[in-house]
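Per this note's numbering, the very first residue in the sequence shown carries number 441; after that it's consecutive. Ideal Cβ placement from N, Cα and C applies to all residues, glycine included. Remember, predicted model here, so these are calculated numbers, not experimental data.
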Amino acid sequence: MELINGKEVAKKVRKDLKSEVIKLKENGINPKLAVIMVGNDPGSTVYVRNKSKACQKVGIEFEEFLYDENLSESELLDVIKKLNEDSSINGILLQSPVPKHIDINKAFRTIAPEKDVDGFNPVNVGNLTIGEDAFISCTPYGVIRMFEEYNIELEGKNAVILGRSNIVGKPMIQCMLNKNATVTVCHSRTNNIEEITKKADIIISAIGKPKFLKENMVKDGAVVIDVGINRLDDGSIVGDVDFDEVSKKASYITPVPGGVGPMTIAMLLNNVVKATKIQTK
Ligand code: NAP
Numbered sequence: 441m442e443l444i445n446g447k448e449v450a451k452k453v454r455k456d457l458k459s460e461v462i463k464l465k466e467n468g469i470n471p472k473l474a475v476i477m478v479g480n481d482p483g484s485t486v487y488v489r490n491k492s493k494a495c496q497k498v499g500i501e502f503e504e505f506l507y508d509e510n511l512s513e514s515e516l517l518d519v520i521k522k523l524n525e526d527s528s529i530n531g532i533l534l535q536s537p538v539p540k541h542i543d544i545n546k547a548f549r550t551i552a553p554e555k556d557v558d559g560f561n562p563v564n565v566g567n568l569t570i571g572e573d574a575f576i577s578c579t580p581y582g583v584i585r586m587f588e589e590y591n592i593e594l595e596g597k598n599a600v601i602l603g604r605s606n607i608v609g610k611p612m613i614q615c616m617l618n619k620n621a622t623v624t625v626c627h628s629r630t631n632n633i634e635e636i637t638k639k640a641d642i643i644i645s646a647i648g649k650p651k652f653l654k655e656n657m658v659k660d661g662a663v664v665i666d667v668g669i670n671r672l673d674d675g676s677i678v679g680d681v682d683f684d685e686v687s688k689k690a691s692y693i694t695p696v697p698g699g700v701g702p703m704t705i706a707m708l709l710n711n712v713v714k715a716t717k718i719q720t721k
């Protein structure tokens, strides 16, 4: 079994980006990410802080736009529109969750596609689907980058994705299809999941259920990618995969923490640099 070290791959991605940012700055271009947060969800606060630190590491400017939970939907849309118009901002990210009175899809649709570094605007979702250049949702993109780094062949492989959310599962399907894998998707209404996962060459789990994927659900030699981040009552963080058991069978496996998480942030930085280059030609 080989451990897929997301921290190390993320470091490598950041190193390359840092050189690119230096070159951009030599040409008077300063990549900048705007992060909007509405309300004070404790998880989001940590994620935003981590994104800010990561931007700092590669020289990307970072500005937070923090609003209390009473911000109305139209006020939020106005904030986004202003950032769309602001040429000093290259990437816009709306941290989820947002309060219930805000339609998050409407907000994502309002972010200019060329600044949509999370890849959640339907224009980018659509471009990914039809195989055109697109901003790809950072978590699936990070998973693909890890496969590349470890030379894990995807073509013709039986890939099973657990979860069908708009931010992870669905874009993951498209990314795997684009790499010529044969893709099966499971969700909360899927019957006999273990019969499906047992046939998989590659399992990508993004359901948010601690230690859901057990050893008896995985075939020998499978590649197992654990997207889940679950906090247990004792404060520890575990993935969707029962790592101790499944790692005995897997050929490659990602740990939690230190697997997909760092890659998600690295690919966000990648998307900000890409957005900057597109906008400044
Ligand atoms: P989500 O929006 O809650 O979606 C969960 C998906 O899992 C849904 O499609 C749901 O099915 C499915 N599901 C739930 N219980 C299931 C079960 N028992 N069997 C099969 N499928 C089941 O979650 P998300 O935003 O995609 O996130 C998933 C996990 O990834 C969470 O732990 C989250 O914290 C983590 N995450 C990690 C990163 C990272 O950087 N590592 C990034 C994003 C998310 P239905 O559609 O039928 O409801």
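DSSP state of residue i mapped onto helix, strand, coil
i	result
R671	strand
T485	helix
T624	strand
A552	coil
Y692	strand
M477	strand
N567	helix
L533	strand
E442	strand
S528	coil
Proximity test, residue i beta-carbon vs ligand 1 heavy atom, cut-off 6 Å
i	result
S484	no
I647	yes
T579	yes
R489	no
R604	yes
V583	no
I607	yes
Straight-line gap, residue i to residue j (C-alpha atoms, nearest Å)
i	j	result
D680	N591	24 Å
M657	E685	11 Å
S687	A662	10 Å
L534	L473	11 Å
P697	N670	10 Å
K458	G609	29 Å
I718	K619	24 Å
K721	A715	10 Å
L594	S528	39 Å
E448	S628	33 Å
Range of the contiguous alpha helix (DSSP H) that encloses residue i
i	result
V681	First-last for V681: undefined, no H or E at that position.
Limits of the beta strand (DSSP E) - the one that residue i falls within
i	result
Y507	501-507
L617	Not the beta strand (DSSP E): L617 falls in the alpha helix (DSSP H), residues 609-618.
A599	598-602
D666	663-666
CB contact below 7 Å: residue i versus chain C
i	result
K688	Reference to chain C is not applicable here, since this structure consists of a single protein chain.
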